[in-house]
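Read the structure below first, then the notes.
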Amino acid sequence: MADPSQGDAMLLQHIAADEGILAIIEGQVTQARSAVQKAERDLAIARALLDDSLAKRLAFQQSMKRKRAVLTVIPSFPTELLCAVFERVVEMERTDILATSVLYRKRSQEARSTPFAIPLPEPYRRFPRPGVLALAAVCQRWRDAALAHPPLWSLVTLWCRSRSIGSHPSLAHLHRCLERSRGVPLNVLHFDSCGSSCTDCTAPSYAQAVQNIYMRCGELSIEFSPLIYVPRNHPLHFPTPQLRRCTVYESGNRTPPTSLDNLNNHLPASVDWLPQAHRLESFSAHPCATRSTNFAIQTCAQLTTLRLEDQIVSTRQLAMFGTYWPKLQHLAIRACEFQGPSSVPAVLPFLVALHLGQKAMPVLSFLHREHVPALEYLAMPCTVQAITTFATFLEAQPYTSLNELHLCGADWQTAPMNTLPWPSGENLTAYMQFLPNVRILRYSEIQIGSDLLTAWARGGVSHSPDDVLNTIVLRGCFLDGDTASHVMRSLARDENFLWSDALVIVKRDPSRDASWYEMIADSNLTSFSFWTRPDSYLIESQYRKL
Numbered sequence: 000m001a002d003p004s005q006g007d008a009m010l011l012q013h014i015a016a017d018e019g020i021l022a023i024i025e026g027q028v029t030q031a032r033s034a035v036q037k038a039e040r041d042l043a044i045a046r047a048l049l050d051d052s053l054a055k056r057l058a059f060q061q062s063m064k065r066k067r068a069v070l071t072v073i074p075s076f077p078t079e080l081l082c083a084v085f086e087r088v089v090e091m092e093r094t095d096i097l098a099t100s101v102l103y104r105k106r107s108q109e110a111r112s113t114p115f116a117i118p119l120p121e122p123y124r125r126f127p128r129p130g131v132l133a134l135a136a137v138c139q140r141w142r143d144a145a146l147a148h149p150p151l152w153s154l155v156t157l158w159c160r161s162r163s164i165g166s167h168p169s170l171a172h173l174h175r176c177l178e179r180s181r182g183v184p185l186n187v188l189h190f191d192s193c194g195s196s197c198t199d200c201t202a203p204s205y206a207q208a209v210q211n212i213y214m215r216c217g218e219l220s221i222e223f224s225p226l227i228y229v230p231r232n233h234p235l236h237f238p239t240p241q242l243r244r245c246t247v248y249e250s251g252n253r254t255p256p257t258s259l260d261n262l263n264n265h266l267p268a269s270v271d272w273l274p275q276a277h278r279l280e281s282f283s284a285h286p287c288a289t290r291s292t293n294f295a296i297q298t299c300a301q302l303t304t305l306r307l308e309d310q311i312v313s314t315r316q317l318a319m320f321g322t323y324w325p326k327l328q329h330l331a332i333r334a335c336e337f338q339g340p341s342s343v344p345a346v347l348p349f350l351v352a353l354h355l356g357q358k359a360m361p362v363l364s365f366l367h368r369e370h371v372p373a374l375e376y377l378a379m380p381c382t383v384q385a386i387t388t389f390a391t392f393l394e395a396q397p398y399t400s401l402n403e404l405h406l407c408g409a410d411w412q413t414a415p416m417n418t419l420p421w422p423s424g425e426n427l428t429a430y431m432q433f434l435p436n437v438r439i440l441r442y443s444e445i446q447i448g449s450d451l452l453t454a455w456a457r458g459g460v461s462h463s464p465d466d467v468l469n470t471i472v473l474r475g476c477f478l479d480g481d482t483a484s485h486v487m488r489s490l491a492r493d494e495n496f497l498w499s500d501a502l503v504i505v506k507r508d509p510s511r512d513a514s515w516y517e518m519i520a521d522s523n524l525t526s527f528s529f530w531t532r533p534d535s536y537l538i539e540s541q542y543r544k545l
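Numbering follows numbering that gives the first Met the number 0, with no gaps: position 537 of the sequence shown is 536.
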């Protein structure tokens, strides 16, 4: 009979051997799991690469499909649609050049406003080739379509070789435009800032061609230098019998005059602009050293839109506006100087929109409410002085024609936003009670206090049961202090206010279907849609476009 101890020892040996084998198997299992995990990772990577490749293939297939479709569709375009595409291409080139020039002028003005600023160099201008010629050279069908579409040849761009890269338009091209436009009024973009020493622009043949262009011009945008009047003739002296819209810019780094006396010394009194422009309907003068008394547009009885962004208008000149332009509907004035009372009142019976800059408040002091009976839109600075002047204009009587009021911040180039005396909600209520038909109230580039928001949240700013105010828009505005931020957050949490995808807070009044309030707001509740200021700050950034 075997010894039990020997059996136990044998079992212990077997167990030890099994444990060694088990350890080996565990290692194999671990390796297998690692291999499986690595394989799964590799498979996931491979699947991701496959999905990415499939997505890229699909994108390229769709792109190729679109390109093939374009190649298929373009030849079948109707001639009218093809010509519309041509016009858009040419207009985009012209717009890009003009926007570059406007941006340069804006930056130059900002540099001049800084002490010891270094003047900016003239920007590199890449004037376009005659785009219509490039389009007409693609194929015979495109050429036939371009030649048969007169409006395409009515887009004319003029510039000087001495101020750009490349030569100015040839005489042959100008003659082609005159011939192929077939009597359609021309849309001219003219950069005339080379000076009287330019041999190209002073050549008789080229000057005659430009004069012929102006004779057929229906819309003109011109940038010129104040130093080109003598001895050669200025393009704005050419007769323009078909001109309907004119926009004038000034090139160079000269600081614009700040007073009427200095302004009158920049040009000789004999300068006569836009002769025979009897059809002129719109005239805009951007920062430009020109006194309004020199404009021959005084004889343009059809004028309906006048924008003076840098000219200083006197109250005596303002008194003659109704005589010069009896059909004037839109008026924008950047600055005005009071020169004493006038025996002739400024009567503008058809004036619909009035835009007043920071230094143009004497206009409201000079105008009488009965002389502007059709005024529907008013934009003015949002300062205590401006509000006081506006209250004087209202004469504590209801002004029923006005239905939109736009209050704008002061000139950001000369005064910090946090140091300006903004009117309170009490002042707002004081004059809103005399504007019973105002439906839209706009604020731009100002600080908004809690009093305005609180009054708005309580049901209205005029405290009148017949309040028809249906829209409040705040753009480029800042909340003033923690209280205003708290009120805004309360409005955001209120069930009567809704946040839309466009970041608009809307308050609806169930008792009146047409009553709703709109606030353009940022999601962080600290600023209201602060837009980047456009290239032309003076009127366009503050006021509704004419």
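Glycine is no exception: its CB is placed at the ideal position from the N, C-alpha and C atoms. On a predicted model such as this, the values are computed, not experimentally measured, just so you know.
Express the C-alpha separation of Tyr376 and Leu440 in angstroms, rounding to a whole number.
Spanning the two alpha carbons is a distance of roughly 10 Å.
Return yes when the Cβ of Gln384 is within less than 9 Å of the Cβ of Leu350, no when it is not.
no
On the CB-based measure, 16 or more other CB atoms within 10 Å of its CB, does Gln27 come out buried or exposed?
It counts as exposed.
Apply the 10 Å Cβ neighbour rule to Ala8 and answer buried if 16 or more other Cβ atoms are within range, or exposed otherwise.
exposed
Classify Arg215: buried if its beta carbon has 16 or more other beta carbons within 10 angstroms, exposed otherwise.
buried
May I have the straight-line CA-CA distance separating Gln432 from Leu393, to the nearest angstrom?
11 Å
I'd like to know whether the C-beta of Ile221 is nearer than 9 Å to at least one C-beta of chain B.
Protein chains in the displayed structure number just one, and chain B is not present.
Compare the C-alpha of Ala352 against each of Ile386, Pro361, Lys55 and His405 and name the closest.
Nearest of Ile386, Pro361, Lys55 and His405 to Ala352, Cα basis: His405.
Do the CB positions of Ala373 and Ile332 come within less than 9 Å of each other?
no
On a CA-only basis, which of Ala171, Leu157, Ser75 and Asp191 is nearest Arg140? Give me that one, please.
Ser75
Grab the span of the beta strand (DSSP E) containing Val155 for me, first residue to last.
Here the beta strand (DSSP E) through Val155 covers Leu154 to Leu157.
Whole-Å CB distance - Leu307 paired with Ala276, under 8 Å assumed
Between Ala276 and Leu307 the Cβ distance is about 17 Å, and since that is not below 8 Å, they are no contact.
Are Phe174 and Ala208 touching if we call contact CB-CB under 9 Å?
The identity of residue 174 in the sequence shown is His, whereas the question assumes Phe. It is a contact, given that the beta carbons lie within the stated cut-off.
Let's test the definition: count the other Cβ atoms within 10 Å of the Cβ of Pro348 and tell me whether it reaches 16, buried, or not, exposed.
exposed
Candidates Gln357, Thr303, Thr314 and Pro77: which alpha carbon is nearest Arg243's?
Out of Gln357, Thr303, Thr314 and Pro77, Thr303 has the C-alpha closest to the C-alpha of Arg243.
Measure the Cβ-Cβ separation of Cys245 and Pro150 and say whether it is below 9 Å.
no
Out of curiosity, what's the CA-to-CA distance linking Ala54 and Lys37?
25 Å
7 Å CB neighbourhood of Gly217 in its chain, flanking five on each side removed:
Pro184, Leu185, Asn186, Gln241, Leu242 and Arg243
Within this structure, are the beta carbons of Cys381 and Gly408 separated by less than 9 Å?
yes
With which residues is Ser313 paired in a DSSP beta bridge?
Glu336
Quick one: what's got a C-beta closer than 6 Å to Leu154's C-beta in the same chain, skipping five residues either side?
Val89 and Asn186
Could you pull the start and end residues of the alpha helix (DSSP H) that Met214 belongs to?
Pro203 to Met214
Which of the three DSSP states, helix, strand or coil, is assigned to Val89?
helix
How many whole angstroms separate the CB atoms of Pro397 and His367, which I take to be in contact at a CB cut-off of 8 Å?
15 Å between Cβ atoms; not a contact.
Going straight from the alpha carbon of Phe59 to that of Lys326, what length do you get?
Across the structure, Phe59 and Lys326 are spaced so that their CA atoms are roughly 58 Å apart.
Quick check on the DSSP output: the beta strand (DSSP E) that includes Ala378 runs from which residue to which?
First-last of the beta strand (DSSP E) with Ala378: Tyr376 to Pro380.
Thr239 versus Phe282 - alpha carbon distance:
13 Å
Going by alpha carbons, who is nearest to Gly182 out of Glu222, Gln12, Trp152 and Thr453?
Trp152
For the putative contact between His354 and Ala390, defined by C-beta atoms under 8 Å, what is the C-beta separation to the nearest angstrom?
Going by Cβ atoms, the distance from His354 to Ala390 rounds to 19 Å, so no, they are not a contact pair.
Where does Glu444 land, buried or exposed, given buried means 16+ other C-beta within 10 angstroms?
Classification of Glu444: buried, given that the 10 Å Cβ count is 16 or more.
Would Gly321 be called buried (16 or more neighbouring beta carbons within 10 Å of its own) or exposed?
It counts as buried.
Along the alpha helix (DSSP H) that carries Glu386, what are the first and last residues, could you check?
Note on identity: in this sequence residue 386 is Ile, with Glu being the wrong assignment. Looking at the DSSP string, the run of the alpha helix (DSSP H) that includes Ile386 is Val383 to Leu393.
Count the other CB atoms, across all protein chains shown, that sit within 10 Å of the CB of Pro77; report buried if there are 16 or more and exposed otherwise.
Classification of Pro77: exposed, given that the 10 Å Cβ count is below 16.
Going by DSSP, what residue range makes up the beta strand (DSSP E) through Leu170?
Counting along the chain, Leu170 falls outside any beta strand (DSSP E), though it belongs to the alpha helix (DSSP H) covering Leu170 to Arg179.
So if DSSP puts Ser283 in a beta bridge, which residue, or which two residues, is it bridged to?
Thr246 and Arg306
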